[in-house]
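For this note's numbering, add 488 to where a residue sits in the sequence shown, where the first one is 1.
Positions of the beta carbon are idealized from the N, C-alpha and C atoms, including for glycine.
Just so it is clear, the structure is predicted and the values come from calculations on it, not from any experiment.
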Amino acid sequence: MERWLGRVAVVTGASAGIGAACAQYLANNGMIVVGLARRKERIETLRETLKPEASQRLHAIQCDVRKEQDIIDAFKQIESEFGSVAVLVNNAGILRFSDLVSEDNTSDLRDTIDTNVLGVAYCTREAFRAMRAHGGDGHVFLINSIAGHNVASIPGLSWNMYPSSKYAVTAMTEVYRQEFLKYNTKIKVTSISPGGVLTDILPMHLLPEDKTNLPLLKPEDVADALLYCLQTPPHVQIHELTIKPMGE
Numbered sequence: 489m490e491r492w493l494g495r496v497a498v499v500t501g502a503s504a505g506i507g508a509a510c511a512q513y514l515a516n517n518g519m520i521v522v523g524l525a526r527r528k529e530r531i532e533t534l535r536e537t538l539k540p541e542a543s544q545r546l547h548a549i550q551c552d553v554r555k556e557q558d559i560i561d562a563f564k565q566i567e568s569e570f571g572s573v574a575v576l577v578n579n580a581g582i583l584r585f586s587d588l589v590s591e592d593n594t595s596d597l598r599d600t601i602d603t604n605v606l607g608v609a610y611c612t613r614e615a616f617r618a619m620r621a622h623g624g625d626g627h628v629f630l631i632n633s634i635a636g637h638n639v640a641s642i643p644g645l646s647w648n649m650y651p652s653s654k655y656a657v658t659a660m661t662e663v664y665r666q667e668f669l670k671y672n673t674k675i676k677v678t679s680i681s682p683g684g685v686l687t688d689i690l691p692m693h694l695l696p697e698d699k700t701n702l703p704l705l706k707p708e709d710v711a712d713a714l715l716y717c718l719q720t721p722p723h724v725q726i727h728e729l730t731i732k733p734m735g736e
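Put into structure tokens, the structure is as follows:
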């Protein structure tokens with residue numbers, strides 16, 4: 489992690505789950521971390537879980553990634569207060585369960601695309617601008633899903649637009665790789681596709697009350713994988729990393 493010490497990492501959806509775990513891990517490993525979320529106060533409480541010397545490295549900005557202007561304003565504030573962005577973790581995501589053919593599902597459709605696809609595009613655009621202007625290196629992470637590679641069938645459950653949005657992220661990862669090369673940068677891009685992870689995004693109403701024996705990853709497992717990718721040598725790029733819990 490030496491090349492990243494003291495540099496700025498931005499984590500979207502950092503108030504809970506995978507985003508919170510990534511923010512914790514990055515701050516504990518020497519990075520200045522700015523968490524973006526609608527629930528800013530929940531990021532601030534994460535300081536209590538950090539190593540003492542890391543607690544001052546975690547910062548929170550209220551930001552709704554569905555809103556382009558929120559993102560633009562947040563990145564301007566980050567550059568002004570903390571410096572250029574070196575690492576971006578596109579983690580913010582939502583999952584809705586209304587049927588695609590249901591009436592009155594417009595808000596579910598729009599919120600999913602605005603969060604899972606356009607939010608990623610806006611954040612990556614702003615981070616890329618900063619990275620390119622300050623040396624042309626950095627690392628962009630897209631927290632994808634196995635649903636971005638295969639649509640699982642669960643009786644009685646509709647994934648709504650979630651798999652479609654994650655398939656978009658899979659395609660975006662390759663487009664970013666090509667564009668980062670096009671602009672002669674050394675910026676890396678990595679898609680991390682977890683299987684089931686025990687977070688609030690899961691359909692809890694379909695899961696048993698006792699989840700201890702379910703084949704699920706912990707948010708910390710994904711954060712650990714992210715750190716592994718971040719520590720690869722400059723000439724190594726992990727394009728896609730799939731993580732599944734044993735027994736899935």
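Residue interval of the alpha helix (DSSP H) (run including D625): D625 -> not in any alpha helix (DSSP H); beta strand (DSSP E) instead, spanning 625 to 631.
Which of helix, strand or coil DSSP assigns to S679: S679 falls in the strand class under three-state DSSP.
Own chain partners of D712 with C-beta closer than 6 Å, once the 5 adjacent residues on each side are dropped: Around D712, the same chain offers no residue with a beta carbon nearer than 6 Å, after the five sequence neighbours per side are excluded.
Beta-carbon proximity of C611 to I559, cut-off 7 Å: In terms of Cβ geometry, C611 and I559 form a close pair [threshold 7 Å].
Pairwise C-alpha distance: I642 and N672: In a straight line, the C-alpha of N672 is about 44 Å away from that of I642.
CB-CB length for N632 against S679, believed under 8 Å: Their Cβ separation, rounded to whole angstroms, is 5 Å, which keeps N632 and S679 in contact under 8 Å.
Touch test, the stretch 530 to 542 against the stretch 590 to 598, Cβ-Cβ under 8 Å, three pairs minimum: As far as the Cβ criterion goes, the stretch 530 to 542 does not touch the stretch 590 to 598, which means the pair count is below three.
Integer-rounded CB distance, given that L714 should sit under 8 Å from C551: In this structure, C551 and L714 do not form a Cβ contact; the two beta carbons are roughly 20 Å apart against a cut-off of 8 Å.
Simplified DSSP state of Q557, which is helix, strand or coil: Here Q557 sits in helix by DSSP.
Alpha carbon of N516 to alpha carbon of Y650, nearest angstrom: C-alpha separation (whole angstroms): 32 Å.
Cross-strand partners of G571 (DSSP beta bridge): Paired residues: none, contrary to the question.
Distance between G523 and P533 (C-alpha atoms, nearest Å): According to the sequence displayed, residue 533 carries Thr and not Pro. Cα to Cα, T533 sits roughly 12 Å from G523.
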